[in-house]
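Asks: Numbered by our numbering, the letters in the sequence shown go through residues 33 to 580 in order.
Just so it is clear, CB atoms sit at the ideal spot from N, CA and C, and this is done for glycine as well.
One structure coming up, written as structure tokens, with questions to follow.
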Amino acid sequence: MLTKLANFYKSNFNLILVLLFIALGVLAWHNRFIQDDAFISFRYADNFVRGYGLVWNEGERVEGYTNFLWTIIISLALLLKLEPIKFVMVVGLFLFELTLFFIYRLAASLFHSPHLALLTLLLLGTNYSFSSYATGGLETELQTCLFAACLWLFLTSDKGGWSMTRLALLSLLAALAMMTRLDSLLVVGLVLGSTLIKIGRQRKDGSRFWLPLSMAIGPLVLLVGSWLIWKMNFYGSVLPNTFYVKVTSLSSLKRGVIYVYLFFYSYWLVFFPFLFLGFVNRLRHRNNQSWLILAVVIVIWLSYIIAVAGDFMEFRFIVPVLPYMFLVIVWLTCKQLTRLRLKIALVLLVLCGSLHHWLTFSSPPLRYYDVDSFAGLSAFLYYERNDWIRIGHVLGESFQHDPNVTIAVTASGAIPYYSRLKTIDILGLNDRWVARHGEIPMSRPGHQRRATLPYLLERKVNLLIGHPQLVPLETPANLPWHDYYFYVKVTQQDLPADSRIIEIPINSKYKMHVLYLVRSPVVDEAIRRNGWVSFAPFPTNESQPVPQ
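What follows is the structure, given as structure tokens:
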């Protein structure tokens with residue numbers, strides 16, 4: 033029986049490979065989701081297409097996105113009147129399959145075995161985080177694909193040789209990766225630096241080294257240099273606004289270590305770093321230089337993640353180097369170990385670890401480590417208890433997308449995008465002042481800073497939404513609330529005398545409380561027209577329990 037299966041596998045290998053690509057694509061589509069942060073790029077792209085430039089609010093030049101190339105791609109979709117959510121999912125799935133293609137070709141070259149390459153593809157494609165981020169709406173899969181293409185070109189250069197075309201293509205891909213995310217420099221810088229060293233050694237007499245040098249860095253310098261000059265002229269800085277939120281605020285190496293450890297723990301991969309240390313001396317062998325490069329890429333990227341204190345999204349920052357983790361895992365398991373049973377056990381451990389992560393990550397105790405699962409990220413937008421997409425539509429329709437109405441919100445994605453109202457980002461990612469001067473009440477990555485009430489009043493915010501608070505429709509009006517109810521510290525003495533709390537129905541079951549700060553005739557008319565309930569923010573009896 034086993035012999036027949038082996039013969040069938042060998043004679044139908046290409047068919048099995050194609051079916052695996054299809055199956056992994058179907059799995060990724062099954063795991064599809066969209067997250068609120070994707071709508072930040074949507075809003076910039078929407079303003080760009082409407083002629084306002086790559087801005088958050090009309091007339092305010094602040095770079096609150098970190099994915100220039102991805103935002104430009106979304107702009108093209110909006111220009112063609114394509115629905116952005118479906119577009120980013122389809123493009124992400126295409127990039128996912130393209131990444132698998134590059135990794136398969138790289139694995140086949142490194143292992144000299146299409147069978148181990150197929151195993152690498154299976155372990156990588158079934159990883160729940162890697163599969164899910166095929167969609168999501170952010171630039172994760174684009175960056176991952178560009179990394180894969182760069183490393184494939186670089187690590188297969190000994191066979192293909194360094195033609196001028198190959199060098200120019202590598203430089204172009206490196207430039208696109210940096211224009212997708214600036215932190216790509218950590219990987220593409222290593223690749224290009226190693227490429228130049230390799231070429232320099234091949235041309236010991238220095239003959240004609242200037243030509244490959246110009247091909248290797250020319251496209252990168254031209255594209256990235258032009259982009260940085262434009263950023264400096266348009267935004268006044270080459271660094272995105274988000275840099276100032278994260279770097280000038282509380283940051284914790286401990287959080288970063290926990291974030292990385294959680295990944296290995298949840299996927300049952302904790303054993304492999306120790307196994308790698310047992311064979312690390314073999315990387316000094318000349319034949320293992322490619323594996324040394326991959327190991328350095330992984331270490332540099334994980335060190336970077338730790339340095340920036342990780343992330344609040346489910347292992348998004350780890351995805352770009354997951355292909356190389358699984359290449360190294362297959363190298364350790366199938367090339368360094370000798371016992372067949374141990375090899376099979378470790379392969380099954382990896383597959384079962386992905387299943388374990390999928391089944392348990394959104395449940396205690398892992399969910400208490402302040403990393404949002406895919407289910408949690410998606411629920412913000414669609415679950416009727418949150419319904420951020422619907423909130424955006426309701427606000428936009430209620431105020432007729434009037435640019436003179438200003439809201440302040442923490443959920444700076446779907447709500448600003450669909451409402452098209454002027455928006456103050458309370459967390460400061462899209463606000464220059466908050467990013468540099470906001471309060472620092474917490475250390476959650478990307479959420480360290482917070483706007484102050486005096487600043488919101490200075491910006492003439494009409495409606496303070498904060499972190500959207502939905503309560504059942506039958507909840508009695510005039511309930512007391514805590515001074516952090518709207519994610520901004522609010523005290524009675526700081527509020528305008530005529531401020532009110534408004535109840536806005538959002539869907540068939542829930543309504544939203546917003547704090548009406550600065551009076552607006554447009555808001556007053558909406559209250560009258562829709563019959564919204566309003567009441568004083570501070571009831572006389574302040575000893576009542578705070579609503580949860």
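(1) Going along the chain, which residues of its own chain have a beta-carbon closer than 7 Å to the beta-carbon of Arg417, five neighbours each way excluded?
(2) Any contact between the segment 323-334 and the segment 353-362? By contact I mean 3 or more CB pairs, one from each, below 8 Å.
(3) Whether or not the segment 117-134 and the segment 163-176 are in contact is what I'm after, with contact meaning three or more pairs of Cβ atoms, one per stretch, closer than 8 Å; do they touch?
(4) Ser107 by DSSP, collapsed to three states: which one?
(5) Which residue marks the beginning of the alpha helix (DSSP H) containing His144, and which one marks its end?
(6) Please determine, among Gln67, Val94, Ile104 and Arg64, the residue with the shortest C-alpha to C-alpha distance to Val81.
(7) Which of the three DSSP states is assigned to Tyr449 in this structure?
(8) Quick one: Cα of Tyr76 to Cα of Ala339, how far?
(9) Residues in its own chain within less than 6 Å of Pro577 by CB, not counting five upstream and five downstream?
(10) Can at least three beta-carbon pairs, one atom from the segment 194-209 and one from the segment 139-158, be found at a separation below 8 Å?
(11) Give a yes or no on whether the C-beta atoms belonging to Trp88 and Val219 are separated by under 9 Å.
(12) Let me know if Asp78 comes out buried or exposed under the rule of 16 or more other beta-carbons within 10 Å of its beta-carbon.
(13) I'd like to know whether the C-beta atoms of Trp300 and His433 end up nearer to each other than 9 Å.
(14) Less than 9 Å between CB atoms is the rule here; does Trp363 satisfy it with respect to chain D?
(15) By DSSP, does Gln501 sit in helix, in strand, or in coil?
(16) Run through DSSP, which three-state label would Val546 get?
(17) Determine contact between the segment 302-320 and the segment 101-116, defined as no fewer than three beta-carbon pairs at a distance below 8 Å.
(18) DSSP state of Arg463, grouped into three classes?
(19) For a test of the three-state rule: what should DSSP assign to Val340, helix, strand or coil?
(20) Return the chain-ordered ranges of every alpha helix (DSSP H) run that is complete within the segment 238-306 and spans a minimum of 4 residues.
(21) Could you name the residues that DSSP lists as bridge partners for Leu183?
(22) Round the Cβ separation of Leu369 and Lys375 to the nearest angstrom and send it over; I've been treating them as touching at under 8 Å.
(23) Rounded to the nearest angstrom, what separates Val223 and Thr507 at their Cα positions?
(24) Based on Cα-Cα distance, which residue from Lys42, Leu208 and Lys454 lies nearest to Ser258?
(25) Measure the C-alpha to C-alpha separation of Trp184 and Thr392 and round it to an integer number of angstroms.
(26) Would you report the Cα separation of Asn99 and Arg371, rounded to the nearest angstrom?
(27) Could you check the C-alpha separation between Gly91 and Tyr84 for me, to the nearest Å?
(28) Can you tell me where the beta strand (DSSP E) with Glu535 in it begins and where it stops?
(29) Please name the residue in Lys263, Ser189, Lys454 and Thr212 whose C-alpha comes closest to that of Lys230.
(30) Can we say the segment 404-415 touches the segment 463-471, given the rule of at least three CB pairs closer than 8 Å?
(31) Distance, Cα to Cα, Tyr160 vs Val362?
(32) Taking Asp457 as part of the beta strand (DSSP E), name the residues at either end of that continuous run.
(33) Report the option in Arg452, Tyr450 and Tyr487 whose CA atom is closest to the CA atom of Tyr460.
(34) Hey, how far is the Cα of Lys263 from the Cα of Lys367?
(35) Going by the beta-carbon positions, is the gap between Phe275 and Ser216 smaller than 9 Å?
(36) When DSSP labels each residue in this structure, what does Ile421 get in the three-state scheme?
Replies: So, from the data block:
(1) Leu502 and Tyr542
(2) yes
(3) yes
(4) helix
(5) Counting along the chain, His144 falls outside any alpha helix (DSSP H), and DSSP gives it neither H nor E.
(6) Ile104
(7) helix
(8) 28 Å
(9) Any reading at Pro577 needs caution, since the residue's pLDDT is 33, under 50, leaving its predicted position unreliable; the model's value is listed next. Closer than 6 Å at the Cβ level, and outside the excluded window around Pro577, lies no residue.
(10) no
(11) no
(12) buried
(13) no
(14) This model lacks chain D altogether, as it is built from one protein chain only.
(15) strand
(16) strand
(17) no
(18) According to the sequence displayed, residue 463 carries Asp and not Arg. Looking at Asp463 - three-state DSSP - the assignment turns out to be coil, as it is neither helix nor strand.
(19) coil
(20) 242-267, 273-279 and 285-298
(21) Paired residue(s): none; Leu183 is not in a bridge.
(22) 6 Å
(23) 59 Å
(24) Leu208
(25) 34 Å
(26) 45 Å
(27) 7 Å
(28) Arg532 to Pro537
(29) Ser189
(30) no
(31) 18 Å
(32) Lys454 to Asp457
(33) Note that residue 460 is Gly in the sequence shown, not Tyr. When only C-alpha atoms are compared, the closest one is Tyr487.
(34) 47 Å
(35) no
(36) helix
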